[in-house]
Amino acid sequence: MKNQYFGDINDYVKYGLLRCFAKAGLRIGVCWMLTPDDKRSDGRKIKYLSRPNEWAGHDSRLFNHLSKTLGARDGKHIRHIEGPIHIPHARFFGALVTDSLAERIAWRKDMFAVLDGSDLLFFDPDNGIEVPSKAVGRKDSSKYIYWEELTESWKRAKSLLVFQHFPRMKRNEYISARVEEMASRLSGSLVIPLRSPNVLFLLAFRPTDSTQILSAMEFIEKNWSRRVWRHNGT
Numbered sequence: 001m002k003n004q005y006f007g008d009i010n011d012y013v014k015y016g017l018l019r020c021f022a023k024a025g026l027r028i029g030v031c032w033m034l035t036p037d038d039k040r041s042d043g044r045k046i047k048y049l050s051r052p053n054e055w056a057g058h059d060s061r062l063f064n065h066l067s068k069t070l071g072a073r074d075g076k077h078i079r080h081i082e083g084p085i086h087i088p089h090a091r092f093f094g095a096l097v098t099d100s101l102a103e104r105i106a107w108r109k110d111m112f113a114v115l116d117g118s119d120l121l122f123f124d125p126d127n128g129i130e131v132p133s134k135a136v137g138r139k140d141s142s143k144y145i146y147w148e149e150l151t152e153s154w155k156r157a158k159s160l161l162v163f164q165h166f167p168r169m170k171r172n173e174y175i176s177a178r179v180e181e182m183a184s185r186l187s188g189s190l191v192i193p194l195r196s197p198n199v200l201f202l203l204a205f206r207p208t209d210s211t212q213i214l215s216a217m218e219f220i221e222k223n224w225s226r227r228v229w230r231h232n233g234t
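Next comes the structure, spelled out in structure tokens:
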């Protein structure tokens with residue numbers, strides 16, 4: 001996550017999903033996996049805010065907040081979505097992630113200290129789950145969440161939600177492979193892939209904790225089904 005992208009179309013969907021999980025009564029731990037802004041100019045996917053008739057109905061309170069916030073001089077910052085008004089029952093961890101292995105280990109320790117006790121841990125990496133070419137501690141490793149971090153998180157929380165960009169491969173095949181791998185690595189988990197036109201959200205939960213998750217899924221289907229949906233292989 002970079003502040004320069006705050007409030008873009010993917011963020012609107014992301015915050016909307018978190019609000020659905022919060023509405024279902026889940027205590028959410030939000031790990032932003034914040035990395036420094038760069039000089040790229042692709043952080044302007046906010047045209048949806050100029051089309052309220054098309055977009056506001058999914059979550060009008062959230063839409064209006066983002067529209068107002070992004071109109072301010074200092075509007076692009078995660079602090080504008082933190083707090084019980086916007087995402088109830090949530091705690092937030094916004095320390096910067098670096099490529100340093102030693103700093104990553106310290107970051108991980110601090111993250112768990114802040115977010116332990118959450119029902120649902122949400123990870124928001126720049127790219128998504130680790131890839132073989134980017135071992136932890138290498139350049140650009142800060143853009144990924146690693147399986148060792150997810151498996152440790154699985155021991156501490158009832159459910160996990162991970163933000164994932166699509167790589168350049170067939171999406172159906174990629175989603176199936178990611179779901180299979182997550183179910184294999186997170187013992188006893190059920191995995192639901194929530195797909196949007198641009199990004200993927202991977203949800204892992206235990207069957208014994210399914211009541212609140214299924215309640216949240218009902219809220220998502222009711223309010224967001226045109227923008228994000230449970231992937232069924234098509």
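In this text, residue positions in the sequence shown follow full-length UniProt numbering: the first is 1, and each later residue adds one.
Just so it is clear, CB atoms sit at the ideal spot from N, CA and C, and this is done for glycine as well.
One thing to note: T151 has its Cβ within 8 Å of the Cβ of R185. Beta-bridge pairing by DSSP links I192 to L203.
Judged by DSSP secondary structure, L161 falls outside any alpha helix (DSSP H) and instead within the beta strand (DSSP E) spanning 159-165.
Counted as a single uninterrupted DSSP element, the alpha helix (DSSP H) harbouring L214 occupies residues 210-224. Within its own chain, the residues whose Cβ lies closer than 8 Å to the Cβ of A135, once the five positions on either side in sequence are excluded, are S141, listed in chain order. Nearest to A90 by alpha-carbon distance, out of N198, F219, I28, D8, is I28. Under the DSSP definition of a beta bridge, L96 partners with L34. Residue nearest to E173 within the set L203, H231, L66 is H231 (criterion: CA-CA distance). Under the three-state reduction of DSSP output, G128 falls in the strand class. Counted as a single uninterrupted DSSP element, the beta strand (DSSP E) harbouring F122 occupies residues 120-123.
Taking C-beta atoms as the reference points, K2 and D126 count as a pair closer than 8 Å. The beta carbon of S215 lies closer than 6 Å to those of A24 in the same chain, with the five residues before and after it left out. With a contact defined as Cβ atoms closer than 8 Å, F163 and G137 miss out at about 22 Å.
For D110, the enclosing alpha helix (DSSP H) starts and ends at 101-115. Contact annotation: the region 7-22 touches the region 197-211, with at least three C-beta pairs closer than 8 Å. Shown here for G75: same chain residues with a beta carbon closer than 8 Å to its own, the five before and five after excluded, namely F6, G7, T69 in chain order. Excluding the 5 residues flanking it on each side, P207 has same chain C-beta neighbours closer than 8 Å at G188, L190, in chain order. With respect to K139, D99 sits close: the two C-beta atoms are nearer than 8 Å. Taking C-alpha positions only, D37 is separated from Y144 by approximately 16 Å.
Nearest to F21 by alpha-carbon distance, out of W55, H86, H80, R79, is H86. Judged by DSSP in its simplified three-state form, G25 adopts coil rather than helix or strand. Straight through space, the alpha carbons of E181 and W224 are spaced by roughly 26 Å. In the three-state scheme derived from DSSP, where H, G and I count as helix and E and B as strand, I145 is classed as strand.
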